[in-house]
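A.B. asks:
Protein chains: 2
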Amino acid sequence: MKVTRAKSIENREIVLETAARLFREKGFDGIGISDLMKSAGLTSGGFYKNFESKEDLIAKSCQRLSERTASRWKEHIANPEVPNPLKRIASSYLSEKNRDNLATTCMYSTLAAEVPRHGKAVQEVFAEGLESVLEILSTLVPGSTEEEKRANAIAMFSQWVGALILSRAASDNMLSDEILAVAREGSHLEGSGLRER
Amino acid sequence: MKVTRAKSIENREIVLETAARLFREKGFDGIGISDLMKSAGLTSGGFYKNFESKEDLIAKSCQRLSERTASRWKEHIANPEVPNPLKRIASSYLSEKNRDNLATTCMYSTLAAEVPRHGKAVQEVFAEGLESVLEILSTLVPGSTEEEKRANAIAMFSQWVGALILSRAASDNMLSDEILAVAREGSHLEGSGLRER
DNA sequence: ATTATCTATAGATCTATAGATAATGC
DNA sequence: ATTATCTATAGATCTATAGATAATGC
Chain Y
16 MKVTRAKSIE NREIVLETAA RLFREKGFDG IGISDLMKSA GLTSGGFYKN FESKEDLIAK
76 SCQRLSERTA SRWKEHIANP EVPNPLKRIA SSYLSEKNRD NLATTCMYST LAAEVPRHGK
136 AVQEVFAEGL ESVLEILSTL VPGSTEEEKR ANAIAMFSQW VGALILSRAA SDNMLSDEIL
196 AVAREGSHLE GSGLRER
Chain E
16 MKVTRAKSIE NREIVLETAA RLFREKGFDG IGISDLMKSA GLTSGGFYKN FESKEDLIAK
76 SCQRLSERTA SRWKEHIANP EVPNPLKRIA SSYLSEKNRD NLATTCMYST LAAEVPRHGK
136 AVQEVFAEGL ESVLEILSTL VPGSTEEEKR ANAIAMFSQW VGALILSRAA SDNMLSDEIL
196 AVAREGSHLE GSGLRER
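Just so you know, the protein sequences line up as chains Y and E, in that order.
Heads up: the first sequence begins at 16 in the numbering used here, then just goes up one per residue.
Heads up: the second sequence begins at 16 in the numbering used here, then just goes up one per residue.
Right, here's the structure in full:
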């Protein structure tokens with residue numbers, strides 16, 4: 016029953032990855048520890064040797080997601096083969112694929128609305144993650160001053176998150192595609208919906 | 016134990032109102048039938064004589080919320096004492112009060128992200144409600160053609176919903192106020208963030 | 001007599017813990 | 001000997017139902 020130290024670390028990783036997927040797919044309340052551990056190929060009893068509580072798992076798996084998004088966006092920016100990183104990020108964010116695959120989507124679009132009902136640790140993960148998202152977007156967005164860029168980043172990301180959520184709430188409908196299309200066009204830099212004073 | 020027909024109808028109303036508040040405050044999974052009925056001043060046993068299931072209550076209470084928002088906005092538009100209905104709607108939507116009082120806020124900002132995980136009846140309530148919100152906003156928003164107005168309504172409401180959700184996820188923070196302020200400014204018609212082709 | 005609401009409870013969850021098991025790693 | 005994971009279970013939920021109770025309304 017006991018496994019090697021390496022395997023044990025790997026198991027912990029698998030639990031974190033599984034949680035990150037299932038929470039986004041089913042919501043924090045939509046999946047229990049027992050089913051989650053089963054999905055990870057383990058049994059529920061071992062869970063509390065690795066995590067303090069379900070709340071602790073929520074905080075740690077979302078921390079993972081937050082870091083991964085930031086580093087993926089930074090890679091696009093650093094990659095010389097990506098000519099327009101903002102366009103690249105916007106079109107993948109506002110794609111039908113990102114709307115339809117809850118398990119792999121942005122955590123703000125599936126889970127942020129539940130955050131006010133959770134503990135401080137979870138709230139901090141979302142608050143800090145949001146700050147770093149906005150810092151990255153600020154460097155990509157148009158604007159003649161720093162303040163203008165920051166405001167544009169906030170306006171744009173708000174619209175993205177709202178558009179994804181509403182497009183899912185409108186699903187089965189032409190409206191759903193329409194919302195994504197509008198948000199995509201709004202993010203096309205020139206002549207865009209972004210504010211200029 | 017039996018009450019008058021009038022009182023019985025009133026009780027049903029109270030349950031719907033209580034549900035509308037508690038679902039927004041705690042999420043669909045965050046409140047059980049038993050506690051909900053207790054909040055309404057009743058006991059849980061009678062619930063299923065009035066509603067088919069919890070899912071049925073979700074659909075019906077959200078239907079209520081949806082109709083109420085539409086009629087309140089329409090009143091502002093019809094009221095000659097409100098000189099700028101869009102500004103009035105935007106500033107109350109993006110107020111700190113609306114951010115902080117979950118129990119009375121817009122259902123799209125607290126509950127829409129959970130909709131894809133629910134049944135068809137609930138999905139339809141949100142889809143139809145969203146359509147009517149957009150129809151109202153389309154009449155208020157700038158734009159030289161119908162298509163442009165509709166696109167602007169979609170862009171604006173997406174930003175509003177996203178801004179509220181993110182401002183709550185960023186709570187305790189200066190960032191939270193900043194997000195609301197940006198969205199408010201973005202909605203001030205002239206020189207606004209709204210798209211013009 | 002009818003029926004709106006009550007009490008009580010079945011059966012299925014859920015989070016968390018206790019202690020057994022068996023393989024690792026000293 | 002240590003310990004990662006397992007089985008089993010406590011105790012608290014949750015949705016939904018059954019049948020009792022007592023006031024309405026014919």
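Using N, Cα and C, we set each Cβ at its ideal position, and we do this for glycine too.
Since we're looking at a predicted model, the values are computed, not measured.
Is it right to say residue 81 of chain Y is buried, meaning 16 or more other beta carbons lie within 10 angstroms of its own, or is it exposed?
C.D. replies: Translated into positions along the first sequence, residue 81 of chain Y becomes position 66. That one is buried.
A.B. asks: Do you know offhand how far residue 154 of chain E's Cα is from residue 194 of chain E's?
C.D. replies: Within the second sequence, residue 154 of chain E is the residue found at index 139, counting from 1. Within the second sequence, residue 194 of chain E is the residue found at index 179, counting from 1. In a straight line, the C-alpha of residue 154 of chain E is about 25 angstroms away from that of residue 194 of chain E.
A.B. asks: By the 10 Å Cβ neighbour count, where 16 or more other Cβ atoms means buried, how is residue 204 of chain E classified, buried or exposed?
C.D. replies: Start at 1 with the first residue of the second sequence, and residue 204 of chain E comes out as number 189. Annotation note: pLDDT 39 at residue 204 of chain E (below 50); position unreliable, coordinate value reported separately. By the 10 Å Cβ count, residue 204 of chain E comes out exposed.
A.B. asks: Can you name the residues of chain E whose CB is closer than 7 angstroms to the CB of residue 186 of chain Y?
C.D. replies: For this step, residue 186 of chain Y is matched to residue 171 along the first sequence. Result: 131 and 138.
A.B. asks: At which residues does the alpha helix (DSSP H) containing residue 62 of chain E begin and terminate?
C.D. replies: The count along the second sequence starts at 1 and reaches residue 62 of chain E at position 47. Element bounds for residue 62 of chain E: 62-65.
A.B. asks: Taking C-beta pairs closer than 8 angstroms, name the residues in chain Y that residue 177 of chain E reaches, listed in chain order.
C.D. replies: Locating residue 177 of chain E in the second sequence gives position 162, where the first residue counts as 1. Within 8 angstroms Cβ-Cβ: 172, 173, 174, 175, 176, 177, 178 and 180.
A.B. asks: When the cut-off is 9 angstroms and only beta carbons count, does residue 41 of chain E lie next to chain Y?
C.D. replies: For this step, residue 41 of chain E is matched to residue 26 along the second sequence. Residue 41 of chain E counts as touching chain Y.
A.B. asks: With a CB to CB cut of under 7 angstroms and the five nearest residues on each side skipped, what residues in its chain are close to residue 33 of chain Y?
C.D. replies: For the purposes of this step, residue 33 of chain Y is taken as residue 18 along the first sequence, with counting starting at 1. Taken in chain order, the residues that qualify are 51, 54 and 55.
A.B. asks: Roughly how many angstroms separate the alpha carbons of residue 164 of chain Y and residue 157 of chain Y, rounded to a whole number?
C.D. replies: Start at 1 with the first residue of the first sequence, and residue 164 of chain Y comes out as number 149. Start at 1 with the first residue of the first sequence, and residue 157 of chain Y comes out as number 142. Straight-line Cα distance between these residues: approximately 6 angstroms.
A.B. asks: Starting from the N-terminal side, write out each stretch of the alpha helix (DSSP H) that is 4 residues or longer and does not extend beyond the segment 93-122 of chain E.
C.D. replies: You should have 100-108 and 111-115.
A.B. asks: Please report the straight-line C-alpha distance between residue 219 of chain Y and residue 182 of chain Y, rounded to a whole angstrom.
C.D. replies: As displayed, chain Y neither begins before 16 nor continues past 212, which places residue 219 of chain Y out of reach and without an answer.
A.B. asks: Would you verify that the beta carbon of residue 146 of chain Y is, or is not, closer than 9 angstroms to some beta carbon of chain E?
C.D. replies: In the first sequence, the residue the question calls residue 146 of chain Y occupies position 131. True, the Cβ-Cβ gap to chain E drops below 9 angstroms.
A.B. asks: Answer with buried or exposed for residue 125 of chain E, where buried requires no fewer than 16 other C-beta atoms within 10 angstroms of its C-beta.
C.D. replies: As a position in the second sequence, residue 125 of chain E is number 110, starting the count at 1. Its Cβ being crowded by 16 or more others within 10 Å, residue 125 of chain E is buried.
A.B. asks: Report yes or no: is there a C-beta of chain Y within less than 9 angstroms of the C-beta of residue 210 of chain E?
C.D. replies: For the purposes of this step, residue 210 of chain E is taken as residue 195 along the second sequence, with counting starting at 1. Low confidence applies here, because residue 210 of chain E scores a pLDDT of 44, under 50, leaving its location unreliable and the question unanswered by this model.
A.B. asks: Alpha carbon to alpha carbon, what distance is there between residue 75 of chain E and residue 70 of chain Y?
C.D. replies: As a working note, residue 70 of chain Y is residue 55 in the first sequence. As a working note, residue 75 of chain E is residue 60 in the second sequence. Residue 70 of chain Y and residue 75 of chain E: Cα-Cα distance of roughly 31 angstroms.
A.B. asks: So, helix, strand or coil for residue 203 of chain Y, using DSSP?
C.D. replies: Residue 203 of chain Y sits at position 188 when you count from the first residue of the first sequence. Note that residue 203 of chain Y scores 49 on pLDDT, short of 50, meaning its location in the model is unreliable; the coordinates nonetheless yield the value given after this. Coil, per DSSP.
A.B. asks: How would you list, in chain order, the residues of chain Y whose beta-carbon sits under 8 angstroms from the beta-carbon of residue 124 of chain E?
C.D. replies: As a working mapping, residue 124 of chain E is identified with position 109 in the second sequence. Within 8 angstroms Cβ-Cβ: 128.
A.B. asks: Which residues, taken in chain order from the segment 42-55 of chain E, show a beta carbon closer than 9 angstroms to some beta carbon of chain Y?
C.D. replies: Per Cβ criterion, the list reads 42, 43, 44 and 45.
A.B. asks: Can you tell which of E:78, E:79 and E:105 has its C-alpha closest to the C-alpha of residue 91 of chain E?
C.D. replies: Here residue 91 of chain E corresponds to residue number 76 of the second sequence, with the count starting at 1. The residue with the shortest Cα to Cα distance from residue 91 of chain E is E:105.
A.B. asks: Name the chain Y residues that come within less than 8 angstroms of residue 183 of chain E, Cβ to Cβ?
C.D. replies: In the second sequence, residue 183 of chain E corresponds to position 168, counting from 1. The contacting residues are 127, 128, 130 and 131.
A.B. asks: Going by the C-beta, is residue 124 of chain E closer than 8 angstroms to any heavy atom of the ligand ADP?
C.D. replies: Of the ligands one can find in the structure shown there are none, so the ligand ADP has no counterpart to examine.
A.B. asks: Can you find at least 3 beta carbon pairs, one from the segment 57-71 of chain E and one from the segment 103-117 of chain E, that sit closer than 8 angstroms?
C.D. replies: As far as the Cβ criterion goes, the segment 57-71 of chain E does not touch the segment 103-117 of chain E, which means the pair count is below three.
A.B. asks: Tell me, please, whether the CB atom of residue 101 of chain Y is closer than 9 angstroms to any CB atom in chain E?
C.D. replies: Walking along the first sequence from the start, residue 101 of chain Y turns up at place 86. With 9 angstroms as the cut-off, residue 101 of chain Y does not count as an interface residue toward chain E.
A.B. asks: Select from the segment 24-39 of chain Y all residues with a C-beta closer than 7 angstroms to any C-beta belonging to chain E, and list them in chain order.
C.D. replies: Taking 7 angstroms as the Cβ-Cβ cut-off against chain E, none of the residues of the segment 24-39 of chain Y qualify.
A.B. asks: Return the Cβ separation of residue 127 of chain E and residue 190 of chain Y in integer angstroms, given the expectation that the two are a contact with Cβ distance under 8 angstroms.
C.D. replies: In the second sequence, counting from the first residue as 1, residue 127 of chain E sits at position 112. In the first sequence, counting from the first residue as 1, residue 190 of chain Y sits at position 175. Actually they are not in contact, since the Cβ atoms of residue 127 of chain E and residue 190 of chain Y sit about 13 angstroms apart, beyond 8 angstroms.
A.B. asks: Using a Cβ-Cβ cutoff of less than 7 angstroms, which residues in the same chain neighbour residue 207 of chain Y once the five nearest sequence positions on both sides are dropped?
C.D. replies: Here residue 207 of chain Y corresponds to residue number 192 of the first sequence, with the count starting at 1. Because residue 207 of chain Y carries a pLDDT of 41, less than 50, the predicted location of this residue cannot be relied on, and the following value inherits that uncertainty. Correct list, in chain order: 201.
A.B. asks: Nearest-angstrom Cα distance between residue 38 of chain E and residue 45 of chain E?
C.D. replies: Numbered from 1 along the second sequence, position 23 holds the residue referred to as residue 38 of chain E. Numbered from 1 along the second sequence, position 30 holds the residue referred to as residue 45 of chain E. About 7 angstroms.
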